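One structure below.
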Amino acid sequence: MKLISDIIGDLVDQQTSLVSALTKTKVLATRIGNQNLLEWVNFELKGYPNTSSLPEYRKLSGTIIGDFMNRVRHVTNYPIPLPEFGGDVDDTLREMPFLEGASTLELFEKNENPSLVFRFPDSVKHSLESILRNANGPYFQLLNIGVTLPIHAANQVLSAARDRLLDFILELEKQFGMETDLSELKKNNTKINYIMNNTITNNGDGNVVNTGENAMVNANITITKGNKDQLARTLRDNGVETEDVAELLTVIDTEQPEGSSFGAKVNGWMKKMLAKSIDGTWQISVGAAGNLLAEALKAYYS
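If you're matching positions, the sequence shown starts at 1 in UniProt numbering and goes up one per residue.
If you want it as structure tokens, here you go:
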């Protein structure tokens with residue numbers, strides 16, 4: 001089939017934009033009525049809507065850097081030594097997701113900046129700041145924090161997508177022959193999905209996806225100062241396990257915040273809960289988790 005031959009030709013020519021092969025694959029997917037292939041191609045062309053739909057080859061490990069102040073000292077773009085959370089949590093924090101479409105990633109290579117930076121949301125920044133302040137003193141202020149990678153990392157993502165698409169197309173050619181037609185492929189979409197799953201989209205079982213009814217938090221936090229019942233109810237309503245709530249209640253009044261930093265025991269509890277959010281044990285996004293805990297504790301103490 002000429003269309004398949006054209007796609008292979010585009011993929012083996014490193015000077016040809018990946019967008020060309022993806023666009024032709026979109027035509028193929030549409031003509032044979034394969035929705036799985038069409039969805040993947042559209043994501044690669046237009047970009048992915050969120051990290052839960054992102055293939056593993058679009059997640060790379062970087063270095064955590066940030067800007068901070070400690071008294072009069074102001075440091076920018078400096079590696080931030082985070083405490084070890086254990087398990088896969090450390091790797092997840094250092095993970096940079098590439099959601100952009102192929103044409104945008106190709107433009108990254110032309111960028112004059114030597115690196116890419118993925119900034120953490122403010123809620124995560126505030127949670128990490130509270131933990132870091134415990135080790136660096138009450139005057140420590142985290143201005144920005146995120147993950148950085150060299151600019152050529154974008155090309156690594158493009159190369160991975162190119163290789164997977166080439167494997168898929170070559171396997172189609174092997175299974176159905178060079179002279180196959182559209183009608184033959186239409187009748188074998190189940191088999192094509194199997195080939196696709198083994199060459200392109202098979203991400204394994206290791207994805208961390210925060211879903212379910214507790215993935216979003218109740219933003220109406222109404223806690224009066226020192227009211228443990230209201231604090232406990234707010235946390236339980238947002239998916240915090242009873243045992244974790246009880247653990248917090250046993251330590252929360254044994255220490256008081258110092259300025260904008262919580263005490264060491266409360267910080268330790270927050271660190272554990274953020275780890276649960278990241279590894280999926282607590283079904284809530286890490287950004288929402290950091291915001292919920294910070295606001296609830298702030299309301300309890302204020």
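Ideal Cβ placement from N, Cα and C applies to all residues, glycine included. Keep in mind that this is a model prediction, so the values were computed, not measured.
Apart from sequence neighbours up to five positions away, the residues of its chain that approach residue 258 with a beta-carbon distance below 7 Å are 138, ordered along the chain. Boundaries of the alpha helix (DSSP H) around residue 126: 122-136. Between residue 273 and residue 294, the gap from beta carbon to beta carbon reaches 8 Å or more. Among the bridge pairs identified by DSSP, residue 78 is matched with 66. Around the C-beta of residue 130, 16 or more other C-beta atoms lie within 10 Å, and the residue is accordingly described as buried. From the listed residues 224, 125, 33 and 60, the smallest Cα separation to residue 300 is found for 224. Within a 10 Å sphere around the beta-carbon of residue 178 sit fewer than 16 other beta-carbons, which makes this residue exposed. Per DSSP, residue 25 lies in no beta strand (DSSP E); the unbroken alpha helix (DSSP H) holding it starts and ends at 18-32.
When secondary structure is reduced to three states using DSSP, residue 241 falls in the coil class, being assigned neither helix nor strand.
For residue 193, the closest C-alpha among the options 146, 8 and 39 is that of 39.
For the pair residue 24 and residue 7, the Cα-to-Cα distance works out to about 6 Å. Residue 102 and residue 263 have their C-alpha atoms some 46 Å from each other.
Within the stretch 248-283, the alpha helix (DSSP H) runs of at least 4 residues that lie entirely inside it are, in chain order, 264-279. Separation of residue 82 and residue 132 (C-alpha to C-alpha, rounded to the nearest whole angstrom) is 7 Å. According to DSSP, residue pairing for residue 146 in a beta bridge involves 65 and 119. Each residue's CA atom was taken as its position, placing residue 229 and residue 120 some 32 Å apart. A Cβ-Cβ distance of about 7 Å is found for the pair residue 47 and residue 104, placing them in contact under the 8 Å criterion. In the three-state scheme derived from DSSP, where H, G and I count as helix and E and B as strand, residue 59 is classed as strand. Around the beta carbon of residue 154, 16 or more other beta carbons sit within 10 angstroms, so the residue counts as buried. Take the alpha-carbon of residue 252 and the one of residue 267: they are about 10 Å apart.
In summary, residue 50 is exposed, with fewer than 16 beta-carbon neighbours lying within 10 Å of its beta-carbon over all protein chains present.
Residue 141 has 69 as its beta-bridge partners, per DSSP. The residue from 74, 174, 60 and 5 with its alpha-carbon nearest to that of residue 160 is 60.
Relative to residue 21, the option among 195, 3 and 184 whose CA is nearest is 3. Per DSSP, residue 178 is not a residue of any beta strand (DSSP E), being assigned neither H nor E.
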